[in-house]
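In what follows, a single structure is set out as structure tokens and then discussed.
Numbering (the UniProt record's numbering), first residue to last: 1 to 202.
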């Protein structure tokens, strides 16, 4: 497929009953040939859904090229099947509503807004804002959370009331990850010097 988009899918499911999940966040790996995913129990993570009558889950698929040709209904059914393997309690729950987004356009960064706006008392948050100096830049949920805290701190600063939230940076890479990154950077530099281009080092 040659689409002007990246191969990411975001899906949200509403169920007819509440099923407790062992973990509020979990990885879906090994189900698809190339795609991986993370799913989140929003009843446990977001106040908005804490008292909802049924479970509300959201999942993000990455490397999802093979799934993009599917219809929303097919994506939803695929996700439900995977979740039922990880959390068997969902075998007795039915989806009553769903939403899937499959079009995310690359090159849109320049059009993203900053958190501070031309309206003095309007501040923006979400994974779609730019100008955020934080290690969670490539992580959608984490970035949305961090920018929410930053927006709250901007309000505190504007009103000169309240206490600002403490924002922690992401943990440093573990030694073996840092060593791997350094090795790849060194190899990339060496290959570039020799005029070698490889998709595995991009």
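Note that beta-carbon positions come from the ideal geometry of N, C-alpha and C, so glycine has one too.
Taking 7 Å as the line, does the beta carbon of residue 88 fall inside it for any heavy atom of the ligand FAD? You won't find the ligand FAD in this model; it holds no ligand whatsoever.
Do residue 37 and residue 28 count as a contact pair if the criterion is CB distance below 8 Å? Between residue 28 and residue 37, the C-beta spacing is below 8 Å.
Starting from residue 27, trace the beta strand (DSSP E) in both directions and tell me its first and last residue. Segment 25-28, the beta strand (DSSP E) holding residue 27.
Return the bridge partner residues of residue 62 from the DSSP annotation. According to DSSP, residue 62 bridges with 8, 36.
Continuous alpha helix (DSSP H) stretch holding residue 75: start and end: Secondary structure note for residue 75: its alpha helix (DSSP H) is the uninterrupted segment 72-86.
Go through its chain and collect everything with a Cβ distance to residue 50's Cβ below 7 Å, but skip five positions before and after it. Same-chain partners within the cutoff: 43.
According to DSSP, residue 100 sits in a beta bridge with which residue or residues? Beta-bridge partners assigned by DSSP to residue 100: 11.
Determine the closest residue to residue 79 out of 149, 12, 178, with distance taken between C-alpha atoms. Cα-wise, what sits closest to residue 79 is 12.
Report the residue from 186, 196, 10 whose alpha carbon sits nearest the alpha carbon of residue 57. Nearest of 186, 196, 10 to residue 57, Cα basis: 10.
With respect to the alpha helix (DSSP H) encompassing residue 177, which residues constitute its N-terminal and C-terminal limits? It spans 175-193 - the alpha helix (DSSP H) in which residue 177 sits, taken as one unbroken run.
Within 10 angstroms of its Cβ, does residue 129 collect 16 or more other Cβ (buried), or is it exposed? Label assigned to residue 129: buried.
If you draw a straight line from the C-alpha of residue 195 to the C-alpha of residue 188, how long is it? Each residue's CA atom was taken as its position, placing residue 195 and residue 188 some 10 Å apart.
If we call anything under 8 Å between Cβ atoms a contact, is residue 132 one with residue 119? Remark: C-beta atoms of residue 132 and residue 119 do not approach each other more closely than 8 Å.
Given residue 143 as reference, the closest of 125, 160, 180 once Cα atoms are compared: Considering only alpha carbons, the answer is 125.
Is it true that the CB of residue 68 sits closer than 8 Å to the CB of residue 32? No, the Cβ-Cβ distance between residue 32 and residue 68 is not below 8 Å.
Of the choices 22, 53, 59, 18, whose alpha-carbon is the least far from that of residue 210? Since the first and last residues shown for the chain are 1 and 202, residue 210 lies out of range.
Does residue 93 pass the burial test, meaning 16 or more other C-beta atoms within 10 Å, or should it be called exposed? Classified as buried, residue 93 has 16 or more neighbouring CB atoms from the shown chains inside 10 Å of its CB.
Which of the three DSSP states, helix, strand or coil, is assigned to residue 154? Reduced to three states, the DSSP call for residue 154 is helix.
Nearest-angstrom Cβ-Cβ length linking residue 14 and residue 96, presumed shorter than 8 Å: At roughly 5 Å, the Cβ-Cβ gap stays under 8 Å, so residue 14 and residue 96 are in contact.
Any idea which residues DSSP pairs residue 56 with across the strands? Residue pairing of residue 56 in beta bridges, as defined by DSSP: 14.
Straight-line CA distance for residue 25 to residue 7? Straight-line Cα distance between these residues: approximately 21 Å.
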